[in-house]
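Chemist:
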Amino acid sequence: LSEIKNVNLMNRLLFFKNYVAKYLGDDVSKGKEYMEKSNFIFANAHGNPYMFGMPGPSSVAMGIGGPLAKNVMERILPCLDGGFFGPGFSLTKVGEYTVRRVENMKLGPSVMWIDSCLCGKIGGVYPKNSISMAFVHAGVNALISSPMESNIGGGYLEPKKHLYDTPWSVAKAYLNTTKNAKKGVYPDPHFGYLMYSDLCKGLEQNKTIGMAFRDAKNMYLPKDANWTLWWAPPLITTGNSLLDTQIWHQRYEQFKETADGQKDRVIKNKYFEFQEFCLYGDPAFNPYTPSEK
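Position in the sequence shown (first residue = 1) + 6 = this note's numbering.
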């Protein structure tokens with residue numbers, strides 16, 4: 007952070023090093039430490055076959071200005087581009103898990119679910135370059151991930167009464183959800199997180215990870231089919247502006263089919279969710295420990 011602070015005159019004037027350190031400094035960025043201490047890991051991220059990242063809009067919105075600038079951009083950037091780009095875009099590398107970073111982690115016998123696009127893709131991918139295989143190499147006994155595009159794993163903030171969000175509607179929903187969370191009331195799980203929740207319930211019944219995963223998949227569609235929502239295309243960035251534009255136009259045409267102002271069951275996407283996840287590692291692994299119930 008000191009190097010970033012002194013790289014040019016603008017950063018010397020507008021980069022608040024101590025403020026950024028409160029969010030991304032060594033004392034608070036402990037994802038690796040938390041993973042190594044955990045037996046069950048659910049990672050909701052953006053990714054590809056070689057890495058995934060979990061930075062969020064907060065880190066993207068930092069970098070220029072202090073708390074006021076961050077709070078304003080944190081509510082505006084996601085409405086403009088999904089929260090991918092902002093003054094703190096380069097800071098998001100703090101939340102990246104690459105093969106090189108993961109291969110030397112000490113994860114022990116654990117279960118991991120990566121709810122992200124493409125992290126489970128192994129076709130055409132050299133095994134040593136696969137982020138999923140890196141976690142297996144690091145000690146994960148069973149890893150569940152998607153070899154294709156993935157639906158979002160959560161983040162449905164109620165109340166949502168309109169198709170399009172505004173900074174004010176998001177702020178209101180966030181405050182409402184935060185207040186409920188303090189009371190132990192959480193949003194209902196959907197998509198991959200619903201499957202993961204049912205998988206954990208199966209493990210509590212002394213099932214193997216393979217059996218619990220199979221049962222969770224089979225329960226998914228009957229449970230989630232009638233839930234309605236406003237659908238938006240998956241958030242994707244390739245780094246190639248021309249390709250990103252082509253993908254956006256293609257997705258926009260698909261988006262218009264469901265953007266008629268009415269919530270929809272989006273059955274096609276839920277069926278896609280039912281198909282998308284794969285289990286790597288040992289399907290006979292049983293992580294259930296009665297004494298830790």
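Virtual Cβ for every residue (Gly too), placed ideally from N, Cα, C.
None of these values were measured; they are calculated from a predicted model.
(1) Over the uninterrupted alpha helix (DSSP H) stretch that includes residue 26, give me the two end residues.
(2) Among 108, 216, 176, 113, which one has its Cα closest to the Cα of residue 134?
(3) Please classify residue 140 as buried or exposed, where buried requires at least 16 neighbouring CB atoms within 10 angstroms.
(4) In the DSSP assignment, find the unbroken beta strand (DSSP E) run with residue 102 in it and report its ends.
(5) Hey, is the segment 64-75 in contact with the segment 12-24, meaning 3+ C-beta pairs nearer than 8 Å?
(6) For the beta strand (DSSP E) that residue 125 lies in, which residues bound it at each end?
(7) For residue 203, report the span of its alpha helix (DSSP H) as first-last.
(8) When burial is assigned at 16 or more other CB atoms within 10 Å of the CB, is residue 215 buried or exposed?
(9) May I ask whether a heavy atom of the ligand ADP can be found less than 7 Å away from the beta carbon of residue 64?
(10) So what does DSSP say about residue 283, is it helix, strand or coil?
(11) Quick one: grab the DSSP three-state call for residue 233.
(12) Shortest alpha-carbon distance to residue 292 belongs to which of 231, 281, 235, 147?
(13) For residue 221, which of helix, strand or coil comes out of DSSP?
(14) When you compare only the Cα positions, how much space is there between residue 232 and residue 276?
(15) When burial is assigned at 16 or more other CB atoms within 10 Å of the CB, is residue 8 buried or exposed?
(16) Go ahead and label residue 196 buried or exposed: buried means 16 or more other beta carbons lie within 10 angstroms of its beta carbon, across all protein chains shown.
(17) Check for me: the beta strand (DSSP E) holding residue 70 runs from which residue to which?
(18) Hey, out of 10, 230, 24, whose CA is closest to residue 73's CA?
(19) When the distance is taken between beta carbons, is residue 236 closer than 8 Å to residue 269?
(20) What residues match up with residue 116 in a beta bridge as DSSP calls it?
(21) Comparing alpha-carbon positions, which option in 211, 227, 56 lies nearest residue 130?
(22) Would you kindly report the start and end of the unbroken alpha helix (DSSP H) that includes residue 17?
(23) Should residue 39 be labelled buried (16 or more other beta-carbon atoms within 10 Å of its own) or exposed?
Modeler: Walking through what the data contain:
(1) Where residue 26 is concerned, the enclosing alpha helix (DSSP H) stretches over 23-30.
(2) Considering only alpha carbons, the answer is 108.
(3) Buried is the call here.
(4) Where residue 102 is concerned, the enclosing beta strand (DSSP E) stretches over 102-104.
(5) Verdict: yes, contact present.
(6) Element bounds for residue 125: n/a, residue is neither H nor E.
(7) Note, residue 203: alpha helix (DSSP H), 197-210.
(8) With 16 or more other Cβ atoms from the protein chains shown falling within 10 Å of its own Cβ, residue 215 counts as buried.
(9) The model depicted lacks the ligand ADP and carries no ligand whatsoever.
(10) Residue state, collapsed to three classes: coil.
(11) The answer is coil: DSSP assigns residue 233 none of H, G, I, E or B.
(12) The shortest C-alpha separation from residue 292 is found at 147.
(13) Here residue 221 sits in helix by DSSP.
(14) Taking the straight line from one Cα to the other gives about 10 Å.
(15) The residue is exposed, with fewer than 16 neighbouring Cβ atoms inside 10 Å.
(16) When all chains shown are included, residue 196 counts as buried.
(17) Element bounds for residue 70: n/a, residue is neither H nor E.
(18) Nearest to residue 73 by alpha-carbon distance, out of 10, 230, 24, is 24.
(19) In this structure, residue 269 places its C-beta atom within 8 Å of the C-beta atom of residue 236.
(20) The partner list for residue 116 (beta bridge, DSSP) reads 146.
(21) In this structure, 56 is the residue among 211, 227, 56 with its C-alpha nearest to the C-alpha of residue 130.
(22) From DSSP, the alpha helix (DSSP H) with residue 17 extends over 15-20.
(23) So residue 39 counts as exposed.
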